[in-house]
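For reference, the structure discussed in these notes is given below.
Okay, here's the thing in structure tokens:
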């Protein structure tokens with residue numbers, strides 16, 4: 001018996017050695033296959049590649065250091081997958097604008113398949129480039145326009161929500177944590193479009209939903225999520241997947257309930273909101289097997305719309321209030337311009353933006369300096385392409401480092417400082433900057449950009465028309481460095497609110 005166990009152990013040991021040698025050989029051959037024209041990058045660890053060399057709590061800093069060594073186009077390896085990172089304005093302009101279709105695809109995200117993003121059901125944000133994505137995006141943009149995006153009707157909704165939030169601020173005054181109040185207000189705008197209703201700020205169920213969104217962003221931007229995406233076999237371990245995806249399960253359950261209620265009450269002759277409009281398209285297409293208008297896509301597209309329409313805008317407004325309490329002289333100048341152009345009684349409108357260059361510059365600088373979505377979502381090459389002399393084959397994952405453009409030292413006078421003059425000429429007139437791409441660019445640019453611009457201007461000017469924001473007297477100066485969780489958001493802070501009489 002002892003001899004048998006010894007022989008078994010010996011064979012298992014030899015088999016393990018053989019397996020490891022094979023993996024080393026495959027790793028070596030894969031590296032050779034990329035050839036000398038493939039972008040350079042740091043030497044990785046066998047099997048793991050560079051995944052342990054990237055700080056997933058601050059990946060932009062890792063990329064900043066790698067850019068110094070390898071240039072504006074470099075590569076990384078996560079296990080077996082090669083990833084190319086694009087940096088700097090000139091490279092990004094060539095890729096996102098001049099070669100937009102070449103990188104319009106999306107890589108696979110196995111973790112999201114657990115919540116419904118699978119097969120032909122991919123929504124808009126994560127969908128691969130093709131006819132389904134084009135159909136869903138075209139429908140969503142058209143429906144948003146029909147419900148007022150870029151029109152006076154939606155402008156009035158945003159203005160009303162901004163007024164509601166100002167009223168809440170005035171009631172709290174001395175120690176206000178603006179985080180979830182702003183989230184609630186901004187999400188109410190998209191809720192009115194997607195669900196046909198808004199939520200009160202003290203609605204416990206909705207407050208929980210907003211906190212689930214926050215938890216999901218943190219979990220899905222971490223190392224474990226990256227490992228699960230690169231080694232899908234690990235998705236068969238339920239407790240491991242749940243550590244990342246539990247908030248998502250609960251969010252999807254919330255949205256399923258809303259969709260189910262709409263299905264019970266919808267009338268094709270009376271379209272209340274985005275979900276009703278989608279149900280009409282599903283009814284039209286029920287005999288067309290090639291159509292992408294199916295119940296699964298209704299759910300994930302609604303989720304895309306809700307999540308994309310809430311997080312980035314609310315985070316930008318949190319940065320805006322933080323910069324106002326950190327730079328009170330800027331706040332005072334904005335208020336002076338508001339008093340001159342709008343006054344204290346009339347509500348701000350989008351027409352005012354043309355007469356308010358300083359306020360417009362401040363909002364743009366908040367977006368640039370806040371750097372809300374530093375890496376955007378990964379792209380994937382739709383076809384073989386060449387950029388800056390490097391060959392990138394079809395199917396390669398691409399990270400567009402937007403932070404390297406918004407903080408590009410070749411473009412901005414003070415790239416690491418909050419400096420509204422970046423968007424003003426010597427005569428104080430607002431100037432557009434080509435390198436200002438917080439919404440990305442090209443085929444995958446944010447479809448809600450117009451709505452976001454409207455919300456930022458109307459919320460911000462309504463706030464500063466009625467209120468002044470200060471650091472509470474018993475608290476230290478808030479931190480200006482960000483927290484990374486896919487988005488870059490401020491550390492929690494409180495504000496003191498003073499009504500402008």
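In the numbering used here, the protein residues as written are 1 to 501.
Even for Gly, the Cβ is constructed at its ideal location relative to N, Cα and C.
| Check | Outcome |
| --- | --- |
| Helix, strand or coil at residue 267 according to DSSP, with G and I counted as helix | strand |
| Alpha-carbon spacing of residue 418 relative to residue 235, whole angstroms | 43 Å |
| Separation of residue 323 from residue 451, as counted between CA atoms | 22 Å |
| Which of helix, strand or coil DSSP assigns to residue 487 | strand |
| Continuous alpha helix (DSSP H) stretch holding residue 323: start and end | 311-326 |
| Alpha-carbon spacing of residue 144 relative to residue 476, whole angstroms | 43 Å |
| Under the three-state DSSP convention, the category residue 386 falls into | strand |
| Reference residue 388; option with closest CA among 93, 51, 78, 57 | 93 |
| Cβ pair residue 457, residue 361 closer than 8 Å | no |
| Local Cβ density within 10 Å of residue 87, reported as buried at 16 or more and exposed below that | buried |
| Residue 325 burial status per 10 Å Cβ neighbour count (16 or more: buried) | buried |
| Counterpart residues of residue 78 in DSSP-defined beta bridges | 49, 81 |
| Whether residue 116 touches residue 296 by CB criterion (8 Å) | yes |
| Among 215, 229, 232, nearest to residue 246 - alpha-carbon criterion | 215 |
| Backbone secondary structure at residue 426 - three-state DSSP | coil |
| Closest by C-alpha distance to residue 253, when choosing among 209, 66, 193 | 209 |
| Proximity below 8 Å, CB of residue 300 to CB of residue 123 | yes |
| Residue 112 burial status per 10 Å Cβ neighbour count (16 or more: buried) | buried |
| Beta-bridge pairing of residue 397 - partner residues as DSSP gives them | 83, 380 |
| Element boundaries [alpha helix (DSSP H), containing residue 181] | 179-194 |
| Presumed contact (8 Å Cβ cut-off) between residue 79 and residue 48, rounded CB distance | 6 Å |
| Exposed unless 16 or more other CB atoms sit within 10 angstroms - verdict on residue 130 | exposed |
| Identity of the residues DSSP links to residue 482 by a beta bridge | 490 |
| Continuous alpha helix (DSSP H) stretch holding residue 455: start and end | 449-466 |
| Coarse secondary structure for residue 121, derived from DSSP in three states | strand |
| For residue 368, the first and last residue of its enclosing alpha helix (DSSP H) | 357-370 |
| Enclosing alpha helix (DSSP H) for residue 435 [first to last residue] | Segment: none, residue 435 is in no alpha helix (DSSP H) and carries neither H nor E. |
| Beta-carbon contacts of residue 56 that lie in its chain and below 6 Å, excluding the five residues immediately before and after | 222, 223 |
| Backbone CA spacing between residue 132 and residue 125 [nearest angstrom] | 12 Å |
| For residue 38, the three-state DSSP class (helix, strand or coil) | coil |
| Helix, strand or coil at residue 444 according to DSSP, with G and I counted as helix | helix |
| Three-state class that DSSP yields for residue 392 in the structure shown | strand |
| Residue 482 versus residue 164: straight-line alpha-carbon distance, rounded | 28 Å |
| Cβ distance (whole Å) where residue 363 is taken to contact residue 312 below 8 Å | Contact flag wrong, Cβ pair sits at about 14 Å. |
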